[in-house]
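What follows is one structure encoded as structure tokens, with my remarks underneath.
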Amino acid sequence: MEEGKKLTQTKKLMEYQHEVLESQIEVQKQAFERIEAELYDNVGQMLSVAKIYLCTLEESALDEEQQNYVKQINDIVGKTILDLRTLIRNLDAYLSTNFDLSSSLSTEILRIQKTTRVNIELQISATRYSLGYEKEIVLFRIVQELINKLWSTGNVSNIKVILNYTPTLFSISIQFQGKNVKIEADTLHRRTELMGGQYVFIDKKNKEILIELPVIN
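For the sequence shown, the positions run 1 to 217 when full-length UniProt numbering is used.
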């Protein structure tokens, strides 16, 4: 009797935590949508107008030094517009219900490599399939946080992320080399367990973080 009561309480707690997780995802999605709209409607348009004025100024009667100065500013604004468009496209991908884990991780890894010296590799094993928007967005956040935690320690090099798709089990293996690497992962454990998965840290010479998620057809 007592055991049954505990199981019921545990189930209710898991359901509550799952609801909280769903709510967090929805709130984040709404926030991203507002940011995307602000970037597109206001910031993007203002930059485009600024570029038009700079192009006009560049063609006006200026001496060579002034023209070079205006051209440099024009080039910077042009690059900023391109970066902004890329950012908006990335937001579209994160917000889409067709969110793709592997392509989003590929984009994220390229972004990190531009700003750090850590070598990160993404490897996909077997034929990809969809785990569903909610699971893929949560898994993306887990991997994103792990990669950030790893390279920010300064003790890690050569990170490899492997996505393995099988008919009954999906797994993510994050392999890396490093010494004295400590990762606070309670939140990541909880997120994985809420999806019915397992989070394992394998402490060997070449360390590995393994996330396994049963595939329910």
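No residue lacks a Cβ here, since even glycine has one placed at the ideal position from N, Cα and C.
Please read all numbers here as calculations on a predicted model, not as lab measurements.
In this structure, DSSP gives K179 a state outside helix and strand, which the three-state scheme calls coil. Residue pairing by DSSP puts P214 in a beta bridge opposite L169. According to DSSP, residue pairing for K79 in a beta bridge does not occur. Contact between the stretch 55 to 65 and the stretch 75 to 90 is absent: fewer than three C-beta pairs spanning the two stretches fall below 8 Å. For the pair of segments examined, the stretch 135 to 144 was found to touch the stretch 174 to 193: the number of CB pairs separated by less than 8 Å reaches three. Between I211 and G196, the CB-CB gap reaches or exceeds 8 Å. For secondary structure counted as the alpha helix (DSSP H) over 4 or more consecutive residues, the stretch 59 to 138 holds these complete runs in sequence order: 64 to 95 and 101 to 115.
Nearest C-alpha to K79 among W151, E64, K51 and S103: K51. In this structure L105 is in contact with V161, their Cβ atoms being roughly 6 Å apart against a cut-off of 8 Å.
Contact between L194 and L21 holds: CB atoms are separated by about 6 Å, below the 8 Å threshold. Cβ-Cβ distances below 6 Å link Q67 to nothing in the same chain once the five nearest sequence neighbours on each side are left out. Closest in alpha carbon position to T107, among V118, N90 and T192, is N90. In this structure F176 is buried. Its beta-carbon is surrounded by 16 or more other beta-carbon atoms within 10 angstroms.
Per DSSP, T192 is one residue of the alpha helix (DSSP H) stretching across D186 to L194.
In the same chain as Q17, and ignoring 5 residues on each side of it, the C-beta atoms closer than 8 Å to its own belong to R190 and L194, in chain order. Just so you know, the alpha carbons of G44 and I73 end up roughly 16 Å apart. Pairing N148 with N180, the inter-Cα distance amounts to about 16 Å. For Y199, the uninterrupted beta strand (DSSP E) segment begins and ends at Q198 to I202. Beta bridge pairing from DSSP links N164 with S125 and S171. If you draw a straight line from the Cα of N42 to the Cα of Y133, it is about 29 Å long. With a cutoff of 8 Å on beta-carbon distance, S125 and N158 are scored as not near each other.
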